[in-house]
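Single-structure report; data block below.
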Amino acid sequence: MDPTIAILILCLTFALLIVLRFPISLALAASALLTVLYLKVPLATIGQTMIQGMNSYSLLTIPFFILAGQIMGEGQMALRLINLAQVIVGGIRGGLAMVNCVACMFFGNISGSAIADVSSIGSVMIPMMKKKGYDTDYAVGVTVSAAIQGVVVPPSHNLVLYSLAAGGGISITSLFLAGIVPGLILCVSLMITSYFIAIKRGYTKSEPVPIREIPKIVRDGLLSLMTAVIILGGIFSGWFTATESGALACLYAFILTFIIYRDIPISRMWIILKRTFRTVAMVLFLIAASAAFSWVLAFLKVPAMLTDWMLGITDSPFIILLIINVLLLLLGAPMDMAPLILIMTPILLPVVTTLGMDPVHFGIIMMLNLGIGLLTPPVGTVLFVGSAIGNISISAGTKAMIPFFYVMCVVLMILTYVPGLVMWLPNLMK
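Counting in full-length UniProt numbering, the sequence shown runs from 1 upward without gaps.
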């Protein structure tokens, strides 16, 4: 069988099904199945590959992280973290935008998801900023941009997906450590940008938090952040695996939300579980379908062909990494993040490792790159959610987000070409 024809069947079938608006998981599975039929490979191979793709102990980490984030998001944790951020940076000119950035970073340390960030923080911060005299488009722009921190800072479940897509050989602990400094750099960059925009638009300082309320706000905020401390502290200290830390975080989130603060009635737990199960089911099927698609790519030697092609264009690591970044930015516009991680990791990882790039470093670059894609139409999931919360058009939200988009692209380039910023903590903990 001609490998070129097989590659065309795989790619064209996938593209056609996406254009016809099939779910990406079905498009991946169907294109892999048709290609295997052409190659006359036993169909049992696809079934076995899909099952093996889900047969990973590390995969249990994702349901636990999602459940912990759902519990915390359902309660009043977002408001408590916003209040804590208000104490830290609220007194600066245009401080509510900075509060937004810090609160999104805090909540990202709990949810590990940009969508959860913009949904929870945005539903509080966007109306609050509008009430305090901030333009609605600006409130949406800064919120959706700050929410991207959730895909970089630990415990991002997208980093777990990346580790699985890479064959499970990349340490989740190292990936989490690698995301800390880039997350801080991204947060500070967004805060600086929001400060200059606040000056240009004439926004004023926020009202100071009454001193008598600060102890309670700090206590409540730190109790909320303990979820992240349990996850990250347990993993980094070696006391727990990532999966065990996720399970403990779920227990802590349950106790804090339903017993200590009693934010919501216990009857809501059934709704939270159903929502979590639905999300996990979609993720698992996507992983299974991606495993089949990746197996076909490897069988046809597509990663090796791409590596040879890129090295044939130029032997400059600078140019190749620039091409990869541009490619991921372009792909991030029409496709969602999780399938791109599962599809592109097996293809691009051999290219960057040939250049001598650490897989952990590349994982953080891919997360930020595809996270930026969550802001760009036509898919732009985070942008869509933020614009819906702010009740503005997608075009208005896009226009307000552009200054932050440029800043995030600059941060992406810095992290790409200065690996020490990403690898400092992982190397320090070895």
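Don't be surprised by glycine CBs; every beta carbon is placed ideally from N, CA and C.
From a predicted model like this one, the values you see are computed outputs, not experimental measurements.
Asked                                                                                                                                                                        : Found
If you run the structure through DSSP and keep just helix, strand and coil, what is residue 200?                                                                             : helix
Within a Cβ cutoff of 7 Å, which residues of the same chain sit near residue 99, ignoring the five residues on either side of it in sequence?                                : 82, 85, 86, 89, 90
What are the uninterrupted segments assigned as beta strand (DSSP E) that are 3 or more residues long and contained completely in the stretch 314-342, given in chain order? : none
Run the CB neighbour count on residue 4, radius 10 Å, all protein chains shown included, and call it buried at 16 or more, exposed below.                                    : exposed
Using the C-alpha atoms, what's the distance from residue 15 back to residue 291?                                                                                            : 18 Å
Would you identify the three-state DSSP class for residue 301, choosing helix, strand or coil?                                                                               : coil
Got a sec, what are the start and stop residues for the alpha helix (DSSP H) residue 263 sits in?                                                                            : That residue, residue 263, is in no alpha helix (DSSP H); it is neither H nor E in DSSP.
Straight-line CA distance for residue 207 to residue 93?                                                                                                                     : 10 Å
Using alpha carbons as the reference points, say which of 222, 236, 306 lies closest to residue 429.                                                                         : 236
Is it true that the CB of residue 242 sits closer than 8 Å to the CB of residue 395?                                                                                         : no
Taking the alpha helix (DSSP H) that residue 384 falls in, what are its first and last residues?                                                                             : 381-390
Please return the same chain residues whose Cβ sits closer than 8 Å to the Cβ of residue 123, not counting the five positions on each side in sequence.                      : 78, 389
Can you tell me whether residue 453 is helix, strand or coil according to DSSP?                                                                                              : Nothing about residue 453 can be read from this structure; the chain reaches only from 1 to 430.
Since residue 392 and residue 136 are thought to touch, with beta carbons under 8 Å apart, how far apart are those beta carbons, to the nearest angstrom?                    : 6 Å
Taking the alpha-carbon of residue 331 as reference, which of 311, 288, 375, 23 has the nearest alpha-carbon?                                                                : 375
Kindly give me the distance between the Cβ atoms of residue 197 and residue 138, rounded to whole angstroms, as I take these residues to be in contact under 8 Å.            : 7 Å
Just how far apart, CA to CA, sit residue 209 and residue 252?                                                                                                               : 28 Å
Grouping DSSP H, G and I as helix and E and B as strand, with all else coil, what is residue 399?                                                                            : helix
What distance in whole Å lies between the Cβ atoms of residue 249 and residue 276, which are believed to be in contact at a cut-off of 8 Å?                                  : Not confirmed; about 13 Å, so no contact.
Among 62, 52, 75, whose alpha-carbon lies nearest the alpha-carbon of residue 265?                                                                                           : 75
Secondary structure at residue 132, three-state DSSP: helix, strand or coil?                                                                                                 : coil
Just the Cα atoms here: how many angstroms apart are residue 271 and residue 285?                                                                                            : 21 Å
So, for residue 263: in the same chain, excluding its five sequence neighbours on each side, which residues have a beta-carbon less than 7 Å away from its beta-carbon?      : 75, 76, 257
The alpha helix (DSSP H) that contains residue 236, what's its start and end?                                                                                                : 214-237
Check the DSSP bridge columns for residue 274 and list the partner residues they point to.                                                                                   : Its beta-bridge partners do not exist; DSSP assigns none.
Using beta-carbon positions only, say whether residue 181 and residue 422 come within less than 8 Å of one another.                                                          : yes
Any idea if residue 318 is buried or exposed, counting beta-carbon neighbours within 10 angstroms, 16 or more meaning buried?                                                : exposed
Quick one: using the 10 Å Cβ neighbour count with 16 as the cut-off for buried, is residue 31 buried or exposed?                                                             : buried
Just reading off the alpha helix (DSSP H) that residue 419 is part of, what are its end residues?                                                                            : 419-428
Taking only the alpha-carbon atoms, compute the straight-line gap between residue 356 and residue 313 and give it to the nearest angstrom.                                   : 17 Å
Look at the Cβ atom of residue 24, then the Cβ atom of residue 302, and state whether they are nearer than 8 Å.                                                              : no
With DSSP as the reference, identify every bridge partner of residue 40, one or two as the case may be.                                                                      : None; residue 40 has no bridge partner.
Do residue 225 and residue 325 have their C-beta atoms within less than 8 Å of each other?                                                                                   : no
Hey, residue 359 and residue 348 are a contact pair by Cβ (cut 8 Å); roughly how many whole angstroms apart?                                                                 : Between residue 348 and residue 359 the Cβ distance is about 11 Å, and since that is not below 8 Å, they are no contact.
Taking the CB atoms as reference points, tell me whether residue 155 and residue 183 lie closer together than 8 Å.                                                           : no
On the DSSP letters alone, give me the boundaries of the alpha helix (DSSP H) that residue 12 sits inside.                                                                   : 3-19
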